[in-house]
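Protein chains in written order, with my numbering: chain A, 1 to 305; chain D, 1 to 329.
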């Protein structure tokens, strides 16, 4: 295990974490403001990826594909919010889980119906297809580096939006007292739709960015959704800062676990069983991390009650 | 408004009549389908204890379903290959005897429920949902990446496991066995619901502070309910493995958890026979809609949305009218 490989894997972990943050930020915002648990968030991620793949195939432009992913996911978010989600804010979590589970079924099969079961491919744009030379003689894919940059930029934009703008002020007010801001003359239902659309757009954007690394297929959203859940449970539900810290922690733990655990077990086991045990444990590492955080702080790192 | 017992009786009669008719008419496929209904209903009965009575929205019950399945698969695969599970410190061999497999499925599920429940129940509400979901996924990824028992490909049980005195390869005899187990589980759950434990559990769901005030600790009640619930679902998993003669990581997937929850909701939460009605409706839909369209999950999703948004008592609630089970709304 040399240093260069280690740094590359750290960057991979960071890239994965940043991706998770885009998903987790929307989820945690929607939960914080509207008190809604949204299982269909992964479907919005998938919608973004499919929209990007379709537009990229039609126009050949990656920029247009990214814009399409934002627009399609936000639009899908608005429609879903108005037709279904809005009826769920006053319901208990069980109803929310079931209704959004139903939405997953509709989204997944609907996408399969339109695009078929075969995965689509989204190419990395030519300008970002090479590798970038970093200090210490590391060559790292430019596209992954760009994802890290995009993600950090979005995190910063979210931070500014929430702490520095009027809509951010309303979102924060909505988190602390829903009825009061309604009484003060803010149109809550428009605010809720906007927050939902924002979360959806972030998820769709993440889907498009990841779509260029992995294949774009039905069911791609749910594994990410569950990791995003783990992320916000670790960070504390409702906290954007918690989502960011949790996402980076989960990204690094998962990536480094896959690299380091087999090596660690290799020091006292024969190679083939070390690989097996290491891989099996690595696949469980983030859940063990979550359990550990919950033992110490049941409401997550930045959660309040 | 005492229509619910009548509906329950009708369901039992239906579960007897359909396979008997299929046996007479020589339609083994229908018997297998009804067996599937009964086994999935059993998994739902397990979840309903935690969900309906205890108010614990677990999205991780596939964990127990899968553990039960793998208990059957692993024991049978060792028995098939005459390769003992361990030789030291004492010899443990595989087996194809159903009672032993069931015992193992129940015990291991209960132990896992104890460990995961003790941790998850420290939280509540939406945290609980996400954590149970995450624990389920943990088992899913573990079985995929653990190569000893088939990994992603799963395990085959070449000959269905045995039960003393029965020929389990005969569909109607295997059905009878599963049906009796379902009735026993329903009986146990009905007794539990009326016991002091069940009443306190129900009370803790409705008003935790009051239960605490009379000196009962809700955490213990819920943990106990989660353990029994997991054990029942684990038993269903073992039967399901024998029905298909195959186990795979899919049994652990979060979709399985979602579907078990759908049985409970389609039928009616906290209704004793809710999961049975729900599983029957689900399999019926799968057969009818699945025959019409490859994309039948769209219709299932739409139906589920309608049930959640507009018909909150599920099928039994619709037929029996409001009343039992909706006391907290």
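Just so you know, even glycine gets a beta-carbon here, dropped at the ideal spot from N, CA and C.
By how many angstroms is the C-alpha of residue j removed from the C-alpha of residue i?
i                      : j                      : result
residue 289 of chain A : residue 136 of chain D : 15 Å
residue 148 of chain A : residue 301 of chain A : 23 Å
residue 204 of chain D : residue 50 of chain D  : 12 Å
residue 73 of chain D  : residue 182 of chain D : 21 Å
residue 92 of chain D  : residue 180 of chain D : 30 Å
residue 326 of chain D : residue 313 of chain D : Low confidence applies to residue 326 of chain D: its pLDDT is 44, below 50, so where it sits in the model is not reliable, and the reading given next is rough at best. Approximately 8 Å, taken between the alpha carbons.
residue 134 of chain D : residue 225 of chain A : 10 Å
residue 142 of chain D : residue 227 of chain A : 15 Å
residue 30 of chain D  : residue 242 of chain D : 17 Å
residue 199 of chain D : residue 42 of chain D  : 22 Å
residue 267 of chain D : residue 283 of chain D : 12 Å
residue 295 of chain A : residue 120 of chain D : 9 Å
residue 128 of chain D : residue 32 of chain A  : 16 Å
residue 184 of chain A : residue 167 of chain A : 14 Å
residue 232 of chain D : residue 106 of chain D : 7 Å
residue 89 of chain A  : residue 240 of chain A : 20 Å
residue 264 of chain D : residue 276 of chain D : 8 Å
residue 36 of chain D  : residue 204 of chain A : 38 Å
residue 130 of chain A : residue 305 of chain D : 46 Å
residue 194 of chain D : residue 80 of chain A  : 41 Å
residue 9 of chain A   : residue 17 of chain A  : 12 Å
residue 188 of chain D : residue 168 of chain D : 25 Å
residue 178 of chain D : residue 12 of chain A  : 49 Å
DSSP on residue i, reduced to helix/strand/coil?
i                      : result
residue 289 of chain D : helix
residue 140 of chain A : strand
residue 131 of chain A : strand
residue 23 of chain A  : helix
residue 81 of chain D  : helix
residue 162 of chain D : strand
residue 120 of chain A : strand
residue 304 of chain A : coil
residue 109 of chain D : helix
residue 97 of chain D  : strand
residue 156 of chain D : strand
residue 37 of chain A  : coil
residue 4 of chain A   : helix
residue 167 of chain A : helix
residue 92 of chain D  : strand
Please check the pair residue i and residue j, which I expect to be a contact at CB under 8 Å, by giving their CB distance rounded to whole angstroms.
i                      : j                      : result
residue 108 of chain D : residue 67 of chain D  : 5 Å
residue 280 of chain A : residue 262 of chain A : Wrong, their Cβ atoms sit about 10 Å apart, outside the cutoff.
residue 119 of chain A : residue 272 of chain A : Actually they are not in contact, since the Cβ atoms of residue 119 of chain A and residue 272 of chain A sit about 31 Å apart, beyond 8 Å.
residue 301 of chain D : residue 5 of chain A   : Their Cβ separation, rounded to whole angstroms, is 45 Å, which puts residue 301 of chain D and residue 5 of chain A out of contact at 8 Å.
residue 315 of chain D : residue 258 of chain D : Contact flag wrong, Cβ pair sits at about 18 Å.
residue 246 of chain A : residue 24 of chain A  : 7 Å
residue 111 of chain A : residue 218 of chain A : 5 Å
residue 41 of chain A  : residue 125 of chain D : 18 Å between Cβ atoms; not a contact.
residue 70 of chain D  : residue 149 of chain D : 7 Å
residue 297 of chain D : residue 105 of chain A : 4 Å
residue 200 of chain A : residue 52 of chain A  : Not a contact, Cβ separation roughly 14 Å.
**Study point:** Cβ-based contacts, 7 Å cut-off: residues of the segment 239-260 of chain D near chain A
**Key:** 254 and 258
Exercise for review: Return the residues of the segment 261-287 of chain A that lie within a Cβ-Cβ distance of less than 7 Å from chain D, sorted by chain order.
Suggested key: 276, 279, 280, 283, 284 and 287
Exercise for review: With a floor of 3 residues, list each beta strand (DSSP E) that falls wholly inside the segment 226-286 of chain D, ordered by position along the chain.
Suggested key: none
Point to revise | Near-chain D residues of the segment 228-261 of chain A - C-beta to any C-beta below 8 Å | key: 229, 230, 232, 233 and 237
Review point. Using a beta-carbon distance cut-off of less than 9 Å, what residues from the segment 95-115 of chain A approach chain D?
Key: 95, 96, 97, 98, 99, 101, 102, 103, 104, 105, 106, 107, 108, 109, 110, 112 and 113
Check your understanding: Can you give, in chain order, each stretch of the alpha helix (DSSP H) that sits fully within the segment 212-274 of chain A and has at least 4 residues?
Key -> 221-235 and 240-266
Point to revise | Segments assigned alpha helix (DSSP H), at least 4 residues, entirely inside the segment 178-217 of chain A | key: 178-183 and 188-211
Check your understanding: Along the segment 297-315 of chain D, what residues have a CB closer than 7 Å to any CB found in chain A?
Key -> 297, 298, 300, 301, 302, 304, 305, 308 and 309
Exercise for review: Compile a chain-ordered list of the residues in the segment 126-146 of chain D whose CB is closer than 8 Å to at least one CB of chain A.
Suggested key: 126, 127, 129, 130, 131, 133, 134, 135, 137, 138, 141, 142, 144, 145 and 146
Practice item. Note down, in chain order, all residues in the segment 73-87 of chain A with a beta-carbon under 7 Å from any beta-carbon belonging to chain D. Key: 84 and 87
Practice item. Anything in the segment 106-119 of chain D with a Cβ closer than 8 Å to a Cβ of chain A? List those residues in chain order, please. Key: 119
Point to revise | Runs of alpha helix (DSSP H) wholly within the segment 14-60 of chain D (minimum 4 residues, chain order) | key: 28-48
Exercise for review: Please list the residues of the segment 205-224 of chain D that have a C-beta atom closer than 9 Å to any C-beta atom in chain A, keeping them in chain order.
Suggested key: none
Exercise for review: Write down every uninterrupted run of the alpha helix (DSSP H) in the segment 67-120 of chain A whose length is 4 residues or greater and which is fully enclosed by it, in chain order.
Suggested key: 93-115
Exercise for review: Check each residue of the segment 288-302 of chain A: if its Cβ is closer than 9 Å to any Cβ of chain D, include it; give the result in chain order.
Suggested key: 288, 290, 291, 294, 295, 298, 299 and 300
Check your understanding: In the segment 281-297 of chain D, which residues sit with their C-beta less than 7 Å from some C-beta in chain A, listed in chain order?
Key -> 295 and 297
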